[in-house]
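Enquirer:
In UniProt numbering, the protein residues as written are 1 to 304.
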């Protein structure tokens, strides 16, 4: 590991600790205004699903994109936690027997294995809903217009035309393999949409104009594609002990991926290209964008 990579991972870990401390507070048993109760098993399963390891990359991107524009750091932390709740919901549901049917997530039993299917479904529902609660809450110090913009963009990233739609296309791909264009669309929706939101959210939080929002949105799209190419490469070249989850799943289910179609040499070359493109987008921001550039490098070349 290079010195810069080591420094980045330390920064990522430090931010993750801050996010996890806030998530632990948000997902405690204390009843909030207008809530009637927090059933013990439900809040425990939500806590487990959201705090069972992970790099907290998406909140990190929200926080660093906000810092790029000197935006409100408390708001960035809240929005980052909201995004992590939504991301965690998607993992809880993806692991269910009716979806990807996984027993392990981050080296630990998946939520439906630790509890049961019904509890996992409700925990995912709770995390999804809570994401929008966090953004809209008085504890998130943003103007109402910014909150509305964040709720709209996150809804679009997570919903029919984003992550949920991408998961539908992914299930369909098990029966009829898409062509290259179809794979790119599927992955941009299923994986890329939340990473795109994470980056654009920083510009929204900081109240930046459309030009900055568009630039950060495009940066997020590019690193989202790099994330998926790297993920597919790891699925072929790594092992379950290293990744903390099963490998070879796509090949076993007959799913087409870009790496499967084009090969591992292409994948490594494509990752180089995507990192260069991502860095070029951030050039106007100078040295202030270095943490985001390091994040792009980490996403593309991570080992797990």
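Glycine included, C-beta positions come from ideal geometry on N, C-alpha and C.
In this text the structure is predicted, and so the values were computed from the model without any measurement.
(1) So what's residue 39 in DSSP terms, helix, strand or just coil?
(2) Contact defined as beta carbons within less than 8 Å: I believe residue 220 pairs with residue 196. What is the distance between those atoms, to the nearest angstrom?
(3) Is it buried or exposed for residue 190, if we count other Cβ within 10 angstroms and need 16 for buried?
(4) Between the C-alpha atoms of residue 160 and residue 303, what's the straight-line distance to the nearest angstrom?
(5) Suppose the cutoff is 6 Å on Cβ atoms and the five residues either side in sequence are ignored; what does the same chain contact list for residue 228 look like?
(6) Assign residue 105 to one of three DSSP states: helix, strand, or coil.
(7) Please state whether the Cβ-Cβ distance between residue 83 and residue 109 is less than 8 Å.
(8) Exposed or buried, residue 270, counting other C-beta atoms within 10 Å across all chains shown (16 or more means buried)?
(9) Give the DSSP-derived three-state secondary structure of residue 245 in the structure shown.
(10) Between which residues of its own chain and residue 277 is the CB-CB distance below 8 Å, once the five residues before and five after are set aside?
(11) By a C-beta neighbour count over all protein chains shown, 10 Å radius and 16 as the cutoff for buried, is residue 1 buried or exposed?
(12) Less than 8 Å separating the beta-carbons of residue 76 and residue 183?
(13) Since residue 297 and residue 194 should fall inside the 8 Å C-beta cutoff, what is the C-beta to C-beta distance between them, to a whole number of angstroms?
(14) Quick one: is residue 175 buried, meaning 16 or more other Cβ sit within 10 Å of its Cβ, or exposed?
(15) Using C-beta distances below 6 Å, list every residue in its chain close to residue 124, excluding the 5 sequence neighbours before and after it, in chain order.
(16) Might you give, ordered along the chain, the residues of its own chain that have their beta carbon closer than 8 Å to the beta carbon of residue 136, omitting 5 neighbours on each side?
(17) Can you tell which of 121, 301, 68 and 128 has its C-alpha closest to the C-alpha of residue 202?
(18) For residue 180, count neighbouring Cβ atoms within 10 angstroms of its own Cβ and tell me buried if that reaches 16, exposed if not.
(19) Buried or exposed, going by whether 16 or more other CB atoms sit within 10 Å of the CB of residue 153?
(20) In three-state DSSP terms, what is residue 96?
(21) Go through its chain and collect everything with a Cβ distance to residue 233's Cβ below 7 Å, but skip five positions before and after it.
(22) Indicate the three-state DSSP secondary structure (helix, strand or coil) for residue 240 in the structure shown.
Expert: The structure says:
(1) In this structure, residue 39 counts as coil in the three-state DSSP scheme.
(2) Contact flag correct, Cβ pair sits at about 4 Å.
(3) Only buried fits residue 190, as 16 or more other CB atoms lie within 10 angstroms of its CB.
(4) In a straight line, the C-alpha of residue 160 is about 31 Å away from that of residue 303.
(5) Excluding sequence neighbours, residue 228 sits near 187 and 191.
(6) DSSP places residue 105 in strand when its eight states are reduced to three.
(7) Not in contact: residue 83 and residue 109 (Cβ atoms no closer than 8 Å).
(8) It counts as buried.
(9) Because the pLDDT of residue 245 is 46, which lies under 50, any placement of that residue in the model is unreliable, and the number read from its coordinates should be weighed accordingly. It is coil, neither helix nor strand.
(10) Excluding residues within five positions, the ones whose Cβ falls inside 8 Å are 222.
(11) With a pLDDT of 48 at residue 1, under the threshold of 50, the modelled position of this residue cannot be trusted, and the question is left open.
(12) No, the Cβ-Cβ distance between residue 76 and residue 183 is not below 8 Å.
(13) Taking 8 Å as the upper bound for CB-CB distance, residue 297 and residue 194 are not in contact here, some 20 Å apart.
(14) Here residue 175 is exposed: its Cβ has fewer than 16 other Cβ atoms, across all protein chains shown, within 10 Å.
(15) Excluding residues within five positions, the ones whose Cβ falls inside 6 Å are 89, 92 and 93.
(16) Hits under 8 Å: 147 and 151.
(17) Nearest C-alpha to residue 202: 68.
(18) By the neighbour-count rule (16 or more Cβ atoms within 10 Å), residue 180 is not buried but exposed.
(19) By the neighbour-count criterion, in which a residue is buried when 16 or more other Cβ atoms sit within 10 angstroms of its Cβ, residue 153 is buried.
(20) Note: residue 96 maps to coil in three-state DSSP.
(21) Here residue 233 has 259, 264 and 267 as same chain residues with Cβ atoms under 7 Å from its own Cβ, once five neighbours each way along the sequence are excluded.
(22) Because residue 240 carries a pLDDT of 49, less than 50, the predicted location of this residue cannot be relied on, and no value is offered for it.
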